[in-house]
């Protein structure tokens, strides 16, 4: 089955700097790659996703890149703010299959230092 | 829209007791999931369902059972609770194996 590795497990950045979180996946058939943000004591919430027919997607300060050949994708957060502090999870799935639901990475705890 | 609703929010069980975690969604999603999240860890899939009457095991199904009699509801049953089942349980739903909407979680402690 699918296996998703996520690095780093913790990341500290100064406010205003950029943060990059990287994930690799094992199943070349995976075609949907979401990123979730989980604030302390809250539920995970989708912040951005990318499908395998595109290489990059951007939404304000957040961007995701996908390299299908290397089977890795990354989350980029620019101009970080204290409210970006949270745990971020990547995931992968085969969107239209009947038996390959989302598999999550172990998460990255991002701390933005004011 | 309420989205995905889980009950209860908190529960303390004694070893060997049983309980059912309730999950209901009002988005008419066919796909539903149960994940568990241990402290400082990621989300591990327990069971999932792609429609009423269909369920499948995930990565960590032992000690749990599910049923899916309606599109809206996907209860998770714990039989003979063990300390290893202390965790936060999240129910989620989605249109396909894409964007998943999560419930607020159930924090379960087995003592």
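Protein chains in written order, with this note's numbering: chain X, 1 to 114; chain R, 1001 to 1111.
We treat Cβ as the ideally placed atom computed from N, Cα and C, and that holds for glycine.
This structure is a prediction, so every number in the text was calculated from the model and none was measured.
Bridge-paired residues (DSSP) for residue i
i                       : result
residue 1090 of chain R : R:1035
residue 93 of chain X   : X:32
residue 1051 of chain R : R:1054
residue 1019 of chain R : R:1078
residue 112 of chain X  : X:13
residue 1043 of chain R : R:1037
residue 103 of chain X  : X:92
residue 5 of chain X    : X:24
C-alpha gap between residue i and residue j, whole angstroms
i                       : j                       : result
residue 71 of chain X   : residue 98 of chain X   : 22 Å
residue 1052 of chain R : residue 1066 of chain R : 12 Å
residue 54 of chain X   : residue 1047 of chain R : 30 Å
residue 1105 of chain R : residue 110 of chain X  : 22 Å
residue 14 of chain X   : residue 63 of chain X   : 19 Å
residue 1040 of chain R : residue 1101 of chain R : 21 Å
residue 1054 of chain R : residue 37 of chain X   : 29 Å
residue 57 of chain X   : residue 1095 of chain R : 21 Å
residue 1015 of chain R : residue 59 of chain X   : 47 Å
residue 68 of chain X   : residue 42 of chain X   : 32 Å
residue 112 of chain X  : residue 9 of chain X    : 15 Å
residue 48 of chain X   : residue 1017 of chain R : 40 Å
residue 1086 of chain R : residue 100 of chain X  : 26 Å
residue 4 of chain X    : residue 1024 of chain R : 28 Å
residue 1063 of chain R : residue 1012 of chain R : 17 Å
residue 6 of chain X    : residue 93 of chain X   : 15 Å
Endpoints, the beta strand (DSSP E) within which residue i is located
i                       : result
residue 1029 of chain R : Residue 1029 of chain R -> no beta strand (DSSP E), and no H or E assigned at all.
residue 19 of chain X   : 19-25
residue 1010 of chain R : 1010-1013
residue 1107 of chain R : 1106-1110
residue 75 of chain X   : 72-77
residue 1005 of chain R : 1004-1007
Helix, strand or coil at residue i according to DSSP, with G and I counted as helix
i                       : result
residue 1085 of chain R : helix
residue 83 of chain X   : helix
residue 67 of chain X   : strand
residue 49 of chain X   : strand
residue 127 of chain X  : Residue 127 of chain X cannot be examined here, being either before or after the span of chain X that is shown, 1 to 114.
residue 37 of chain X   : strand
residue 1060 of chain R : coil
residue 1097 of chain R : coil
residue 1065 of chain R : strand
beta-carbon residue i near the ligand ZN non-hydrogen atom, thresh 8 Å
i                     : result
residue 90 of chain X : The ligand ZN is absent from the structure shown, which contains no ligand whatsoever.
Any C-beta of chain C under 9 Å from that of residue i
i                       : result
residue 1045 of chain R : The structure shown contains no chain C; its protein chains are X and R.
- prompt: How do the segment 1017-1033 of chain R and the segment 1058-1078 of chain R stand: do at least 3 beta-carbon pairs fall below 8 Å, yes or no?
  reply: yes
Cβ pair count under 8 Å reaching 3, the segment 1077-1091 of chain R against the segment 7-23 of chain X: Counting Cβ pairs under 8 Å, fewer than three are found: no touch.
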